[in-house]
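The next block holds one structure in the form of structure tokens; read it before the comments.
Residue numbers (our numbering), protein chains in the order written: chain X, 1 to 281; chain A, 1001 to 1135.
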């Protein structure tokens, strides 16, 4: 029994560190070349533009990195331009799960975990995952009364009304939740409740309950930077609210592309693997 | 008792690394479907491209040591990612019926003649990353 447990722990540790090695490998230059950074962190740019009502204008085509352009599968990218925040400067706490929630997450087989991901099953990522784990861009059109967010991934979109409307009493469950927004100086604070329970906070099995309350804080400290900070309050699943690091998105040019996810051949293969895992249980 | 505590700490550490790590990784897990221990080089002729979301597939006639030709399918990054890293649809189309070298990994299910492409080179010799690199 002990051997089985030790083996399981060893496998888990190997998987954990292998995942780090894989990420490190994919973000580095080819082994026989010295790192030469052709793509670097964008400068902040000038002051943020403002709307006629004086608030910051968040409009722009935003990339989820520091480079203002695509970085996946490219050589010569400064690691600082790949990430959205520097954990040494703004460390991000780990979610403190309720014990039952942690057990539920741990009970998922690797393939079940994979099948739960939006990038695999093509379900909408939802809020806040769209800000926390999304390698694709977001196009924002911002007017004094409304902010339209167009997410490249899966061609999803969301309107955030800025007319002071309150949160609904009995919200219909939506993938992007039901939102109410207010300004605190130059920070736009968006509170959302009433979520479809099929979304995940992050693609690591972090599910949520019907009590999920998400707070997004948007700032544009300069022309080229959009900062999004997320707070997740979900007392059924978490022991305490979780707060993200301030995630930096950078202003880019170029097209936002069509991305209807309609033909995922991986599902058939993953289902075969899931059946194999279930037989092995 | 002390051993149990060490064991608990090890499990917690492993889960913490996995949970923290997955939040930083892009897209989904290669390892769930593809076998990083079964990667190899392929050389063949590019025959066909299915440019679709979430993953394009391209098809290559690969000749084995005995000269037998088999058609392989290769999965790549999403079209959006490929466009942004300079390997767009037109690059593939311009190389139809031309030689291509690919480094890819086999499916975990043992699916016949199917692999995930990591890097490739067309006739221009440029090393292109078209999927997650595993080795």
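For each residue, glycine too, the CB sits at the ideal point set by N, CA and C.
Integer Cβ distance of residue i from residue j, believed to fall under 8 angstroms
| i | j | result |
| --- | --- | --- |
| residue 1033 of chain A | residue 270 of chain X | 6 angstroms |
| residue 209 of chain X | residue 170 of chain X | In fact, because the Cβ distance is near 16 angstroms, the residues do not count as touching under 8 angstroms. |
| residue 225 of chain X | residue 58 of chain X | Not quite, the Cβ-Cβ distance comes to about 11 angstroms (not below 8 angstroms), so this is no contact. |
| residue 220 of chain X | residue 85 of chain X | Not really, about 16 angstroms apart at Cβ, beyond 8 angstroms. |
| residue 132 of chain X | residue 227 of chain X | The Cβ separation is near 14 angstroms, so there is no contact. |
| residue 179 of chain X | residue 160 of chain X | 5 angstroms |
| residue 190 of chain X | residue 152 of chain X | About 20 angstroms separates the two Cβ atoms, so there is no contact after all. |
| residue 64 of chain X | residue 222 of chain X | Rounded, the Cβ-Cβ distance is 17 angstroms, inconsistent with contact. |
| residue 1075 of chain A | residue 1116 of chain A | 5 angstroms |
| residue 1110 of chain A | residue 1118 of chain A | That pair is no contact at about 19 angstroms. |
| residue 118 of chain X | residue 129 of chain X | 7 angstroms |
| residue 199 of chain X | residue 125 of chain X | 7 angstroms |
| residue 70 of chain X | residue 1089 of chain A | Actually they do not touch by this definition, with Cβ atoms about 15 angstroms apart. |
| residue 78 of chain X | residue 37 of chain X | 4 angstroms |
| residue 73 of chain X | residue 1077 of chain A | 6 angstroms |
| residue 127 of chain X | residue 214 of chain X | 6 angstroms |
| residue 1080 of chain A | residue 259 of chain X | 6 angstroms |
Residues of its chain near residue i, where Cβ-Cβ distance is below 7 angstroms and the 5 sequence neighbours each way are ignored
| i | result |
| --- | --- |
| residue 1025 of chain A | Only weak support exists for where residue 1025 of chain A lies, its pLDDT of 39 falling under 50; the coordinates are left without a value. |
| residue 122 of chain X | 154, 261 and 264 |
| residue 257 of chain X | 152 |
| residue 277 of chain X | 109 and 111 |
| residue 113 of chain X | 205 |
| residue 115 of chain X | 121, 270 and 274 |
| residue 240 of chain X | 96 |
| residue 1021 of chain A | Any reading at residue 1021 of chain A must be qualified, since the residue scores a pLDDT of 37, below 50, and its modelled position is unreliable; the value itself is stated next. The answer is none, since no qualifying residue turns up. |
| residue 1134 of chain A | 1030, 1036, 1039, 1105 and 1118 |
Interface flag, residue i vs chain D, CB-CB below 8 angstroms
| i | result |
| --- | --- |
| residue 229 of chain X | Checking the listed chains, one finds no chain D in this structure; the protein chains it contains are X and A. |
One or two residues paired with residue i in a DSSP bridge
| i | result |
| --- | --- |
| residue 1059 of chain A | A:1048 and A:1073 |
| residue 190 of chain X | X:181 and X:216 |
| residue 231 of chain X | X:215 and X:243 |
| residue 61 of chain X | X:139 |
| residue 1101 of chain A | A:1043 and A:1121 |
| residue 56 of chain X | X:50 |
Proximal residues to residue i (C-beta, below 6 angstroms), its chain only, five neighbours per side dropped
| i | result |
| --- | --- |
| residue 26 of chain X | Residue confidence is low: residue 26 of chain X scores 40 on pLDDT, short of 50, so the model does not pin down where it sits. Its coordinate-derived value is still stated next. Here the set comprises nothing. |
| residue 1114 of chain A | 1073 and 1107 |
| residue 67 of chain X | 39 and 81 |
| residue 1128 of chain A | 1087 and 1120 |
| residue 236 of chain X | 209 and 211 |
| residue 168 of chain X | 178 |
| residue 245 of chain X | 85, 90 and 92 |
| residue 24 of chain X | The predicted model places residue 24 of chain X with a pLDDT of 38, which falls under 50 and marks its position as unreliable; any figure quoted below should be read in that light. Hits under 6 angstroms: none found. |
| residue 1043 of chain A | 1101 |
| residue 41 of chain X | 66, 80 and 81 |
| residue 157 of chain X | 150 |
Three-state secondary structure (DSSP) of residue i
| i | result |
| --- | --- |
| residue 81 of chain X | helix |
| residue 1118 of chain A | strand |
| residue 119 of chain X | helix |
| residue 259 of chain X | coil |
| residue 38 of chain X | coil |
| residue 1065 of chain A | coil |
| residue 110 of chain X | helix |
| residue 1081 of chain A | helix |
| residue 155 of chain X | helix |
| residue 105 of chain X | helix |
| residue 251 of chain X | strand |
| residue 129 of chain X | helix |
| residue 279 of chain X | helix |
| residue 98 of chain X | coil |
| residue 69 of chain X | coil |
| residue 1091 of chain A | helix |
| residue 1038 of chain A | strand |
| residue 1127 of chain A | strand |
| residue 50 of chain X | strand |
| residue 1106 of chain A | strand |
| residue 238 of chain X | strand |
| residue 273 of chain X | helix |
| residue 267 of chain X | helix |
| residue 150 of chain X | strand |
| residue 26 of chain X | The predicted position of residue 26 of chain X is uncertain, since its pLDDT is 40 and thus under 50; a value taken from the coordinates is nonetheless stated next. Helix at residue 26 of chain X. |
| residue 167 of chain X | coil |
| residue 202 of chain X | strand |
Other residues of its chain near residue i: CB distance less than 8 angstroms, five sequence neighbours each side excluded
| i | result |
| --- | --- |
| residue 50 of chain X | 56 and 57 |
| residue 53 of chain X | 144 |
| residue 22 of chain X | Model confidence at residue 22 of chain X stands at a pLDDT of 35, short of 50, so the residue's coordinates are unreliable; what they give is reported in the following sentence. Nothing listed; no residue qualifies. |
| residue 105 of chain X | 97, 204, 205, 206 and 207 |
| residue 1023 of chain A | Residue confidence for residue 1023 of chain A is low, a pLDDT of 35 falling below 50, so the modelled location carries little weight and cannot support an answer. |
| residue 142 of chain X | 51, 57, 58, 59 and 148 |
| residue 172 of chain X | 178 and 194 |
Would you check if there are 3 or more beta carbon pairs closer than 8 angstroms linking the stretch 1083-1094 of chain A to the stretch 1118-1133 of chain A?
yes
Is the stretch 1045-1054 of chain A in contact with the stretch 259-278 of chain X, if contact means three or more CB pairs nearer than 8 angstroms?
yes
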